[in-house]
Amino acid sequence: MAGSTMEQVESGSDDLLFTEWQTLINQTPVAAHELLLSLSDKELHHLVTIFYDYMLSHTESALFLNTEQVNSRLSSSMFHWLRAVLGSSQQDLHELLAKQHEIGIVHARIGLPIDLVARAARKIKEELYQILALRKVAAAHIITDAICFSGLAIDTAIEAMTASYSPSVQNSVNAEEQYRLLTIYDDINVERERQIRSLTDWENQFIYNIATGLPIKDLVFLSKSEFGMWFAHKGKHILGKSVLLSGMETLMKKIDHHLKQELPLHAQLTTDERLKLLQEIRQLTAQIHILLSSMFEDLVKEENGKDSLTQLLNRRFIPTIMRREISIALHSRKPFALAMLDIDYFKQINDRYGHNAGDNTLKNVSAMIYEHIRSSDYVFRYGGEEFMILLVETELSQAKIILENLRNKMAGLRIQASASESFSVTVSIGVAEYDYHPDYKLLIEKADSALYYAKSQGRNRVEVFQPHMTNG
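Throughout the sequence shown, residue numbering follows UniProt numbering, covering 1 to 472 in sequence.
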(Lines of atoms letter the chains of each structure in order from A and count residues from 1; the text may use other names and numbers.)
(Lines give C-alpha, C1' and ligand atoms only; values in the text may rest on other atoms or scores of the structure.)
Protein backbone atom coordinates (compact mmCIF):
# COMPACT_ATOMS: atom_id res chain seq x y z
CA MET A 1 0.00 0.00 0.00
CA ALA A 2 1.16 3.44 -0.78
CA GLY A 3 1.59 5.00 2.62
CA SER A 4 1.37 8.62 1.48
CA THR A 5 -1.83 7.96 -0.45
CA MET A 6 -3.46 6.27 2.51
CA GLU A 7 -2.33 9.05 4.86
CA GLN A 8 -3.92 11.66 2.58
CA VAL A 9 -7.12 9.63 2.35
CA GLU A 10 -7.32 9.14 6.09
CA SER A 11 -6.46 12.71 7.08
CA GLY A 12 -8.88 14.26 4.60
CA SER A 13 -11.81 11.92 5.15
CA ASP A 14 -11.29 11.63 8.91
CA ASP A 15 -11.58 15.37 9.47
CA LEU A 16 -14.90 15.50 7.65
CA LEU A 17 -16.28 12.26 9.08
CA PHE A 18 -15.20 13.18 12.61
CA THR A 19 -16.97 16.55 12.38
CA GLU A 20 -20.15 15.06 10.89
CA TRP A 21 -20.26 12.14 13.34
CA GLN A 22 -19.64 14.41 16.33
CA THR A 23 -22.36 16.78 15.11
CA LEU A 24 -24.74 13.83 14.78
CA ILE A 25 -23.95 12.77 18.35
CA ASN A 26 -24.44 16.30 19.69
CA GLN A 27 -27.74 16.82 17.87
CA THR A 28 -29.21 13.52 19.06
CA PRO A 29 -31.04 13.69 22.42
CA VAL A 30 -29.35 11.99 25.36
CA ALA A 31 -32.42 9.78 25.81
CA ALA A 32 -31.93 8.34 22.31
CA HIS A 33 -28.28 7.52 23.10
CA GLU A 34 -29.36 5.88 26.35
CA LEU A 35 -31.91 3.79 24.48
CA LEU A 36 -29.22 2.47 22.12
CA LEU A 37 -26.82 1.85 25.00
CA SER A 38 -29.53 -0.18 26.73
CA LEU A 39 -29.77 -2.72 23.92
CA SER A 40 -29.15 -6.14 25.44
CA ASP A 41 -26.36 -8.51 24.46
CA LYS A 42 -29.04 -10.91 23.23
CA GLU A 43 -30.47 -8.26 20.90
CA LEU A 44 -27.03 -7.39 19.51
CA HIS A 45 -26.13 -11.06 19.01
CA HIS A 46 -29.39 -11.42 17.09
CA LEU A 47 -28.28 -8.58 14.78
CA VAL A 48 -24.91 -10.28 14.33
CA THR A 49 -26.69 -13.48 13.31
CA ILE A 50 -28.75 -11.53 10.76
CA PHE A 51 -25.53 -10.05 9.32
CA TYR A 52 -23.63 -13.32 8.93
CA ASP A 53 -26.63 -15.33 7.77
CA TYR A 54 -26.93 -12.84 4.92
CA MET A 55 -23.20 -12.92 4.17
CA LEU A 56 -23.05 -16.72 4.18
CA SER A 57 -26.03 -16.92 1.83
CA HIS A 58 -24.01 -15.26 -0.96
CA THR A 59 -21.39 -17.29 -2.80
CA GLU A 60 -19.14 -14.25 -3.31
CA SER A 61 -18.71 -13.86 0.45
CA ALA A 62 -19.22 -17.47 1.55
CA LEU A 63 -15.77 -18.29 0.13
CA PHE A 64 -14.23 -15.96 2.71
CA LEU A 65 -16.32 -17.17 5.62
CA ASN A 66 -17.25 -20.45 7.20
CA THR A 67 -19.47 -21.35 10.12
CA GLU A 68 -16.53 -22.18 12.39
CA GLN A 69 -14.89 -18.79 11.80
CA VAL A 70 -18.18 -16.99 12.38
CA ASN A 71 -18.84 -18.86 15.62
CA SER A 72 -15.29 -18.71 16.99
CA ARG A 73 -14.15 -15.18 16.23
CA LEU A 74 -16.06 -13.07 13.73
CA SER A 75 -19.34 -12.99 15.66
CA SER A 76 -17.54 -11.59 18.70
CA SER A 77 -15.78 -8.94 16.57
CA MET A 78 -19.06 -7.94 14.94
CA PHE A 79 -20.78 -7.75 18.33
CA HIS A 80 -18.15 -5.34 19.67
CA TRP A 81 -18.31 -3.32 16.43
CA LEU A 82 -22.07 -2.86 16.79
CA ARG A 83 -21.76 -1.96 20.46
CA ALA A 84 -19.10 0.66 19.65
CA VAL A 85 -20.89 2.23 16.67
CA LEU A 86 -24.34 2.36 18.31
CA GLY A 87 -22.75 3.61 21.52
CA SER A 88 -20.41 6.04 19.77
CA SER A 89 -21.55 8.85 22.08
CA GLN A 90 -19.40 7.12 24.72
CA GLN A 91 -16.46 6.33 22.41
CA ASP A 92 -13.25 8.10 21.38
CA LEU A 93 -14.29 9.02 17.84
CA HIS A 94 -10.72 9.26 16.55
CA GLU A 95 -10.04 5.70 17.70
CA LEU A 96 -13.38 4.52 16.34
CA LEU A 97 -12.66 6.02 12.91
CA ALA A 98 -9.16 4.53 12.90
CA LYS A 99 -10.75 1.13 13.57
CA GLN A 100 -13.06 1.55 10.57
CA HIS A 101 -10.03 2.28 8.37
CA GLU A 102 -8.35 -0.90 9.61
CA ILE A 103 -11.48 -2.91 8.81
CA GLY A 104 -11.66 -1.39 5.32
CA ILE A 105 -8.03 -2.29 4.63
CA VAL A 106 -8.61 -5.88 5.78
CA HIS A 107 -11.71 -6.17 3.57
CA ALA A 108 -9.67 -4.94 0.61
CA ARG A 109 -6.81 -7.28 1.43
CA ILE A 110 -9.06 -10.36 1.39
CA GLY A 111 -11.07 -9.12 -1.59
CA LEU A 112 -14.41 -8.90 0.23
CA PRO A 113 -16.75 -6.70 -1.88
CA ILE A 114 -17.60 -3.51 0.00
CA ASP A 115 -21.06 -3.37 -1.58
CA LEU A 116 -21.85 -6.75 -0.04
CA VAL A 117 -20.80 -5.47 3.38
CA ALA A 118 -23.03 -2.43 2.88
CA ARG A 119 -26.00 -4.63 1.91
CA ALA A 120 -25.50 -6.83 4.97
CA ALA A 121 -25.29 -3.68 7.11
CA ARG A 122 -28.61 -2.59 5.63
CA LYS A 123 -30.12 -5.88 6.85
CA ILE A 124 -28.86 -5.03 10.33
CA LYS A 125 -30.48 -1.61 10.19
CA GLU A 126 -33.80 -3.04 9.05
CA GLU A 127 -33.86 -5.51 11.95
CA LEU A 128 -32.61 -2.90 14.42
CA TYR A 129 -35.41 -0.53 13.44
CA GLN A 130 -37.92 -3.29 14.20
CA ILE A 131 -36.34 -3.93 17.61
CA LEU A 132 -36.40 -0.23 18.51
CA ALA A 133 -39.95 0.26 17.24
CA LEU A 134 -41.19 -2.44 19.62
CA ARG A 135 -39.68 -0.74 22.66
CA LYS A 136 -42.49 0.23 25.06
CA VAL A 137 -40.33 2.04 27.58
CA ALA A 138 -39.53 5.07 25.43
CA ALA A 139 -41.57 7.84 23.89
CA ALA A 140 -42.20 7.64 20.15
CA HIS A 141 -40.00 10.63 19.32
CA ILE A 142 -37.08 9.13 21.28
CA ILE A 143 -37.44 5.88 19.33
CA THR A 144 -37.48 7.89 16.10
CA ASP A 145 -34.33 9.76 17.15
CA ALA A 146 -32.61 6.49 18.06
CA ILE A 147 -33.54 4.96 14.70
CA CYS A 148 -32.20 8.00 12.82
CA PHE A 149 -28.96 8.08 14.80
CA SER A 150 -28.30 4.35 14.53
CA GLY A 151 -28.82 4.34 10.76
CA LEU A 152 -26.58 7.35 10.18
CA ALA A 153 -23.90 6.08 12.57
CA ILE A 154 -23.72 2.73 10.77
CA ASP A 155 -23.62 4.53 7.41
CA THR A 156 -20.79 6.77 8.62
CA ALA A 157 -18.80 3.77 9.82
CA ILE A 158 -19.25 2.04 6.45
CA GLU A 159 -18.20 5.28 4.71
CA ALA A 160 -15.01 5.37 6.80
CA MET A 161 -14.28 1.77 5.78
CA THR A 162 -14.81 2.66 2.13
CA ALA A 163 -12.38 5.59 2.38
CA SER A 164 -9.60 3.08 3.08
CA TYR A 165 -11.05 0.24 1.01
CA SER A 166 -11.09 2.04 -2.34
CA PRO A 167 -7.41 3.12 -2.51
CA SER A 168 -6.35 -0.27 -1.13
CA VAL A 169 -8.27 -2.03 -3.89
CA GLN A 170 -6.77 0.32 -6.50
CA ASN A 171 -3.28 -0.46 -5.23
CA SER A 172 -4.12 -4.16 -5.46
CA VAL A 173 -5.38 -3.75 -9.02
CA ASN A 174 -2.19 -1.89 -9.94
CA ALA A 175 -0.03 -4.61 -8.38
CA GLU A 176 -1.97 -7.33 -10.18
CA GLU A 177 -1.53 -5.52 -13.49
CA GLN A 178 2.18 -5.08 -12.83
CA TYR A 179 2.49 -8.76 -12.02
CA ARG A 180 0.64 -9.58 -15.24
CA LEU A 181 3.08 -7.38 -17.15
CA LEU A 182 5.93 -9.17 -15.42
CA THR A 183 4.78 -12.43 -16.99
CA ILE A 184 4.36 -11.06 -20.54
CA TYR A 185 6.71 -8.10 -20.84
CA ASP A 186 9.69 -9.15 -22.94
CA ASP A 187 12.31 -6.66 -21.79
CA ILE A 188 12.13 -3.03 -20.80
CA ASN A 189 15.80 -2.87 -21.79
CA VAL A 190 14.55 -2.74 -25.38
CA GLU A 191 12.76 0.53 -24.64
CA ARG A 192 15.82 1.88 -22.85
CA GLU A 193 18.09 1.15 -25.82
CA ARG A 194 15.56 2.64 -28.21
CA GLN A 195 15.40 5.93 -26.33
CA ILE A 196 19.16 6.14 -25.76
CA ARG A 197 19.60 5.63 -29.48
CA SER A 198 16.96 8.28 -30.20
CA LEU A 199 18.75 10.81 -27.97
CA THR A 200 22.10 9.94 -29.57
CA ASP A 201 20.60 10.35 -33.05
CA TRP A 202 19.38 13.85 -32.17
CA GLU A 203 22.81 14.76 -30.77
CA ASN A 204 24.65 13.46 -33.84
CA GLN A 205 22.24 15.19 -36.20
CA PHE A 206 22.60 18.45 -34.29
CA ILE A 207 26.41 18.26 -34.47
CA TYR A 208 26.25 17.58 -38.19
CA ASN A 209 23.79 20.43 -38.78
CA ILE A 210 25.89 22.97 -36.90
CA ALA A 211 29.12 21.77 -38.49
CA THR A 212 27.68 22.05 -42.00
CA GLY A 213 25.92 25.37 -41.40
CA LEU A 214 22.41 24.01 -42.07
CA PRO A 215 19.68 26.69 -42.19
CA ILE A 216 17.98 27.43 -38.87
CA LYS A 217 14.58 26.22 -40.08
CA ASP A 218 15.98 22.70 -40.51
CA LEU A 219 17.33 22.47 -36.93
CA VAL A 220 15.15 20.60 -34.43
CA PHE A 221 14.93 21.54 -30.76
CA LEU A 222 15.41 18.65 -28.35
CA SER A 223 11.86 19.05 -27.00
CA LYS A 224 10.52 18.67 -30.55
CA SER A 225 12.71 15.72 -31.46
CA GLU A 226 11.55 12.11 -31.45
CA PHE A 227 13.15 11.69 -28.02
CA GLY A 228 11.58 14.90 -26.73
CA MET A 229 8.12 13.83 -27.91
CA TRP A 230 8.54 10.41 -26.28
CA PHE A 231 9.65 12.06 -23.04
CA ALA A 232 6.66 14.41 -22.96
CA HIS A 233 3.99 11.86 -23.84
CA LYS A 234 5.29 8.56 -22.49
CA GLY A 235 8.57 8.99 -20.65
CA LYS A 236 7.18 11.02 -17.77
CA HIS A 237 4.49 8.42 -17.21
CA ILE A 238 6.76 5.39 -17.60
CA LEU A 239 9.63 6.74 -15.51
CA GLY A 240 7.44 8.17 -12.77
CA LYS A 241 7.95 11.25 -10.66
CA SER A 242 11.41 11.53 -9.17
CA VAL A 243 14.27 13.95 -8.57
CA LEU A 244 16.09 12.35 -11.52
CA LEU A 245 13.15 12.97 -13.84
CA SER A 246 12.95 16.60 -12.74
CA GLY A 247 16.70 16.94 -13.30
CA MET A 248 16.45 15.51 -16.79
CA GLU A 249 13.62 17.87 -17.67
CA THR A 250 15.73 20.82 -16.46
CA LEU A 251 18.67 19.71 -18.63
CA MET A 252 16.44 19.45 -21.70
CA LYS A 253 15.13 22.96 -21.09
CA LYS A 254 18.72 24.22 -20.75
CA ILE A 255 19.62 22.71 -24.11
CA ASP A 256 16.65 24.28 -25.85
CA HIS A 257 17.39 27.61 -24.14
CA HIS A 258 20.96 27.48 -25.45
CA LEU A 259 19.70 26.78 -28.93
CA LYS A 260 17.17 29.59 -28.87
CA GLN A 261 19.90 32.00 -27.78
CA GLU A 262 22.67 30.84 -30.10
CA LEU A 263 21.05 29.46 -33.24
CA PRO A 264 19.83 32.75 -34.70
CA LEU A 265 23.47 33.84 -34.68
CA HIS A 266 25.05 30.54 -35.65
CA ALA A 267 25.86 31.72 -39.18
CA GLN A 268 28.01 34.48 -37.68
CA LEU A 269 29.64 32.29 -35.02
CA THR A 270 33.37 31.77 -35.21
CA THR A 271 34.82 28.27 -35.25
CA ASP A 272 35.78 28.56 -31.57
CA GLU A 273 32.27 29.76 -30.66
CA ARG A 274 30.71 26.86 -32.54
CA LEU A 275 33.01 24.40 -30.78
CA LYS A 276 32.07 25.92 -27.43
CA LEU A 277 28.35 25.60 -28.23
CA LEU A 278 28.80 22.00 -29.34
CA GLN A 279 30.79 21.21 -26.20
CA GLU A 280 28.11 22.69 -23.94
CA ILE A 281 25.35 20.77 -25.71
CA ARG A 282 27.32 17.53 -25.57
CA GLN A 283 27.97 17.97 -21.83
CA LEU A 284 24.27 18.55 -21.15
CA THR A 285 23.29 15.62 -23.37
CA ALA A 286 25.79 13.37 -21.60
CA GLN A 287 24.13 14.22 -18.28
CA ILE A 288 20.74 13.33 -19.77
CA HIS A 289 22.18 9.99 -20.92
CA ILE A 290 23.36 9.25 -17.37
CA LEU A 291 20.03 10.16 -15.78
CA LEU A 292 18.05 8.27 -18.42
CA SER A 293 20.11 5.11 -17.93
CA SER A 294 19.82 5.39 -14.15
CA MET A 295 16.04 5.81 -14.26
CA PHE A 296 15.62 2.89 -16.64
CA GLU A 297 17.79 0.73 -14.38
CA ASP A 298 15.52 1.58 -11.45
CA LEU A 299 12.50 0.85 -13.62
CA VAL A 300 13.92 -2.51 -14.68
CA LYS A 301 14.32 -3.47 -11.03
CA GLU A 302 10.82 -2.26 -10.21
CA GLU A 303 9.01 -3.70 -13.22
CA ASN A 304 11.04 -6.86 -12.98
CA GLY A 305 9.45 -7.37 -9.61
CA LYS A 306 12.70 -8.89 -8.41
CA ASP A 307 15.12 -7.97 -5.69
CA SER A 308 18.22 -6.64 -7.45
CA LEU A 309 20.68 -8.48 -5.18
CA THR A 310 19.10 -11.93 -4.90
CA GLN A 311 16.95 -11.95 -8.06
CA LEU A 312 14.07 -13.31 -5.98
CA LEU A 313 10.60 -11.80 -6.13
CA ASN A 314 10.36 -8.78 -3.87
CA ARG A 315 7.54 -8.33 -1.37
CA ARG A 316 5.71 -5.99 -3.72
CA PHE A 317 3.88 -8.96 -5.25
CA ILE A 318 3.11 -10.78 -2.01
CA PRO A 319 -0.50 -9.46 -1.83
CA THR A 320 -1.22 -10.42 -5.45
CA ILE A 321 0.21 -13.93 -5.16
CA MET A 322 -1.20 -14.61 -1.69
CA ARG A 323 -4.72 -13.58 -2.74
CA ARG A 324 -4.49 -15.83 -5.79
CA GLU A 325 -3.24 -18.85 -3.81
CA ILE A 326 -5.88 -18.30 -1.13
CA SER A 327 -8.56 -18.21 -3.82
CA ILE A 328 -7.23 -21.48 -5.27
CA ALA A 329 -7.12 -23.07 -1.81
CA LEU A 330 -10.65 -21.93 -0.96
CA HIS A 331 -12.00 -23.44 -4.17
CA SER A 332 -9.92 -26.64 -4.18
CA ARG A 333 -9.74 -27.13 -0.37
CA LYS A 334 -6.10 -28.07 -0.85
CA PRO A 335 -3.82 -26.61 1.84
CA PHE A 336 -0.59 -24.72 1.42
CA ALA A 337 2.18 -23.83 3.85
CA LEU A 338 3.97 -20.55 4.40
CA ALA A 339 7.43 -20.29 5.92
CA MET A 340 9.57 -17.40 7.11
CA LEU A 341 13.34 -18.03 6.97
CA ASP A 342 15.99 -15.88 8.62
CA ILE A 343 19.80 -16.12 8.34
CA ASP A 344 21.21 -16.62 11.83
CA TYR A 345 23.67 -14.02 13.19
CA PHE A 346 23.68 -12.10 9.93
CA LYS A 347 24.75 -8.87 11.62
CA GLN A 348 27.85 -10.59 12.97
CA ILE A 349 28.68 -11.79 9.45
CA ASN A 350 28.52 -8.20 8.18
CA ASP A 351 30.51 -6.87 11.13
CA ARG A 352 33.25 -9.50 10.95
CA TYR A 353 33.65 -10.12 7.23
CA GLY A 354 32.24 -6.94 5.68
CA HIS A 355 29.19 -6.06 3.62
CA ASN A 356 30.50 -7.76 0.49
CA ALA A 357 30.54 -11.04 2.38
CA GLY A 358 27.06 -10.23 3.66
CA ASP A 359 25.80 -9.67 0.12
CA ASN A 360 27.49 -12.88 -0.99
CA THR A 361 25.74 -14.72 1.85
CA LEU A 362 22.35 -13.39 0.75
CA LYS A 363 23.03 -14.45 -2.84
CA ASN A 364 24.12 -17.96 -1.86
CA VAL A 365 21.27 -18.52 0.58
CA SER A 366 18.66 -17.26 -1.88
CA ALA A 367 20.11 -19.46 -4.63
CA MET A 368 19.93 -22.53 -2.38
CA ILE A 369 16.32 -21.78 -1.40
CA TYR A 370 15.36 -21.31 -5.03
CA GLU A 371 17.05 -24.55 -6.08
CA HIS A 372 15.44 -26.48 -3.23
CA ILE A 373 11.79 -25.54 -3.85
CA ARG A 374 9.57 -26.72 -6.69
CA SER A 375 8.92 -24.59 -9.75
CA SER A 376 5.31 -24.16 -8.59
CA ASP A 377 6.39 -22.68 -5.24
CA TYR A 378 7.27 -19.06 -4.51
CA VAL A 379 10.14 -17.48 -2.64
CA PHE A 380 10.40 -13.78 -1.80
CA ARG A 381 13.09 -11.65 -0.26
CA TYR A 382 10.96 -10.33 2.58
CA GLY A 383 13.49 -7.81 3.84
CA GLY A 384 17.07 -7.73 5.08
CA GLU A 385 18.15 -11.31 5.76
CA GLU A 386 14.57 -12.65 5.91
CA PHE A 387 12.86 -14.68 3.20
CA MET A 388 9.28 -15.86 2.70
CA ILE A 389 8.57 -19.26 1.13
CA LEU A 390 5.14 -20.29 -0.16
CA LEU A 391 4.77 -24.05 -0.64
CA VAL A 392 1.65 -24.61 -2.72
CA GLU A 393 -0.63 -27.64 -2.25
CA THR A 394 1.55 -28.78 0.64
CA GLU A 395 0.36 -30.19 3.96
CA LEU A 396 2.14 -29.15 7.13
CA SER A 397 3.84 -32.53 7.64
CA GLN A 398 5.26 -32.42 4.12
CA ALA A 399 6.31 -28.78 4.52
CA LYS A 400 8.21 -29.65 7.72
CA ILE A 401 10.21 -32.32 5.84
CA ILE A 402 10.99 -29.95 2.94
CA LEU A 403 12.12 -27.19 5.28
CA GLU A 404 14.19 -29.51 7.49
CA ASN A 405 16.02 -30.72 4.40
CA LEU A 406 16.61 -27.12 3.37
CA ARG A 407 17.91 -26.23 6.83
CA ASN A 408 20.32 -29.18 6.76
CA LYS A 409 21.64 -28.19 3.34
CA MET A 410 22.14 -24.61 4.52
CA ALA A 411 24.23 -25.86 7.46
CA GLY A 412 26.66 -27.42 4.97
CA LEU A 413 26.97 -24.26 2.88
CA ARG A 414 30.35 -22.47 2.92
CA ILE A 415 30.58 -18.80 2.03
CA GLN A 416 33.89 -17.47 0.71
CA ALA A 417 34.86 -14.33 2.62
CA SER A 418 38.24 -14.02 0.89
CA ALA A 419 40.70 -16.15 -1.01
CA SER A 420 41.89 -17.69 2.26
CA GLU A 421 38.85 -17.49 4.52
CA SER A 422 35.33 -18.94 4.45
CA PHE A 423 32.52 -19.39 6.94
CA SER A 424 29.33 -21.42 7.37
CA VAL A 425 25.79 -20.17 7.85
CA THR A 426 22.68 -21.54 9.51
CA VAL A 427 19.06 -20.52 9.17
CA SER A 428 16.01 -20.49 11.41
CA ILE A 429 12.61 -21.23 9.92
CA GLY A 430 9.03 -20.80 11.12
CA VAL A 431 6.17 -22.41 9.22
CA ALA A 432 2.38 -22.27 9.39
CA GLU A 433 -0.32 -24.08 7.45
CA TYR A 434 -3.10 -22.13 5.75
CA ASP A 435 -6.26 -22.47 7.85
CA TYR A 436 -8.68 -21.07 5.25
CA HIS A 437 -8.85 -17.65 6.86
CA PRO A 438 -9.16 -15.12 4.02
CA ASP A 439 -6.66 -12.60 5.43
CA TYR A 440 -3.15 -13.67 4.38
CA LYS A 441 -1.57 -11.22 6.82
CA LEU A 442 -2.62 -13.43 9.72
CA LEU A 443 -0.86 -16.41 8.14
CA ILE A 444 2.34 -14.39 7.70
CA GLU A 445 2.12 -13.32 11.35
CA LYS A 446 1.79 -16.97 12.42
CA ALA A 447 4.84 -18.04 10.41
CA ASP A 448 6.75 -15.04 11.74
CA SER A 449 5.81 -15.98 15.31
CA ALA A 450 7.09 -19.51 14.69
CA LEU A 451 10.32 -18.04 13.29
CA TYR A 452 10.74 -15.86 16.37
CA TYR A 453 10.21 -18.92 18.54
CA ALA A 454 12.81 -20.89 16.54
CA LYS A 455 15.37 -18.14 17.14
CA SER A 456 14.50 -17.97 20.83
CA GLN A 457 15.06 -21.73 21.13
CA GLY A 458 18.65 -21.57 19.92
CA ARG A 459 18.39 -20.97 16.15
CA ASN A 460 19.27 -23.39 13.34
CA ARG A 461 15.90 -25.11 13.63
CA VAL A 462 12.44 -25.37 12.06
CA GLU A 463 9.42 -24.61 14.23
CA VAL A 464 5.76 -25.17 13.34
CA PHE A 465 3.37 -22.49 14.57
CA GLN A 466 1.50 -23.31 17.76
CA PRO A 467 -1.09 -21.07 19.46
CA HIS A 468 1.21 -20.47 22.46
CA MET A 469 3.85 -18.82 20.26
CA THR A 470 3.91 -15.06 20.25
CA ASN A 471 6.10 -12.74 18.21
CA GLY A 472 7.21 -10.86 21.31
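Beta carbons: idealized from backbone N, C-alpha and C, even for Gly.
All figures in this text were calculated on a predicted structure; none of them were measured in a lab.
- For E463, the three-state secondary structure derived from DSSP is strand.
- Within the same chain, Cβ atoms closer than 6 angstroms to the Cβ of F149 are found at T28 and A32, the five residues on either side in sequence being excluded.
- For D53, the enclosing alpha helix (DSSP H) stretches over residues D41 to L56.
- Using a Cβ distance threshold of 8 angstroms, I429 and T361 do not count as a contacting pair.
- Every alpha helix (DSSP H) stretch that sits fully inside the stretch 271-339 and reaches 4 residues is listed by chain position as 271-304 and 318-332.
- One alpha carbon belongs to H141, the other to T23, and they sit about 19 angstroms apart.
- Comparing alpha-carbon positions, the option among I131, L396 and F380 lying closest to D41 turns out to be I131.
- Taken through DSSP and simplified to helix, strand or coil, R414 comes out as strand.
- Straight-line spacing of the CA atoms in R194 and F221 works out to 19 angstroms.
- In this structure, the CA atom of M295 is about 50 angstroms from the CA atom of R122.
- The three-state reading of DSSP puts F221 in coil, since its state is none of H, G, I, E or B.
- Annotation for S424: the continuous beta strand (DSSP E) segment containing it runs S422 to S424.
- Take the alpha-carbon of R324 and the one of T49: they are about 29 angstroms apart.
- The alpha-carbon separation between Q91 and A84 amounts to approximately 7 angstroms.
- Contact annotation: E445 and A454 have beta-carbon atoms that are not nearer than 8 angstroms.
- Around the beta-carbon of H233, fewer than 16 other beta-carbon atoms lie within 10 Å, marking it exposed.
- Secondary structure at Y440: helix, using DSSP grouped into helix, strand and coil.
- Contact between the stretch 276-295 and the stretch 396-412 is absent: fewer than three C-beta pairs spanning the two stretches fall below 8 angstroms.
- DSSP places I373 in the coil class of the three-state scheme, outside both helix and strand.
- CA-to-CA, the gap between P467 and L442 works out to about 12 angstroms.
- In the three-state DSSP reduction, D342 falls in the strand class (E or B).
- Annotation for Y378: the continuous beta strand (DSSP E) segment containing it runs Y378 to G383.
- Under the 10 Å beta carbon count, S449 is surrounded by 16 or more other beta carbons and is classified as buried.
- C-alpha of K224 to C-alpha of E297: approximately 25 angstroms in a straight line.
- Its Cα nearest to that of D307, the residue R381 stands out among I343, P319 and R381.
- Listed in chain order, the non-local C-beta contacts of F79 below 8 angstroms within the same chain comprise D41, L44, H45 and V48, local neighbours out to five positions each way being set aside.
- Nearest to F317 by C-alpha distance, out of L17, M248, D15 and R109, is R109.
- Taking the Cα of S418 as reference, the smallest distance to any Cα among Y452, N356 and V379 is reached at N356.
- Taking C-beta atoms as the reference points, D359 and L451 fail to come closer than 8 angstroms.
- Only residues of its own chain outside the window of five on either side were considered, and among them S198, D201 and W202 have a CB closer than 8 angstroms to the CB of E226, listed in chain order.
- Within the same chain, and ignoring the five residues on either side of K125 in sequence, the residues whose Cβ sits closer than 8 angstroms to its Cβ are S150, G151 and I154.
- In the DSSP assignment, F387 forms a beta bridge with L341 and R381.
- In this structure, L292 places its C-beta atom within 8 angstroms of the C-beta atom of I196.
- One thing to note: S366 has its Cβ no nearer than 8 angstroms to the Cβ of L403.
- L299 is positioned such that its CB atom lies no closer than 8 angstroms to that of M368.
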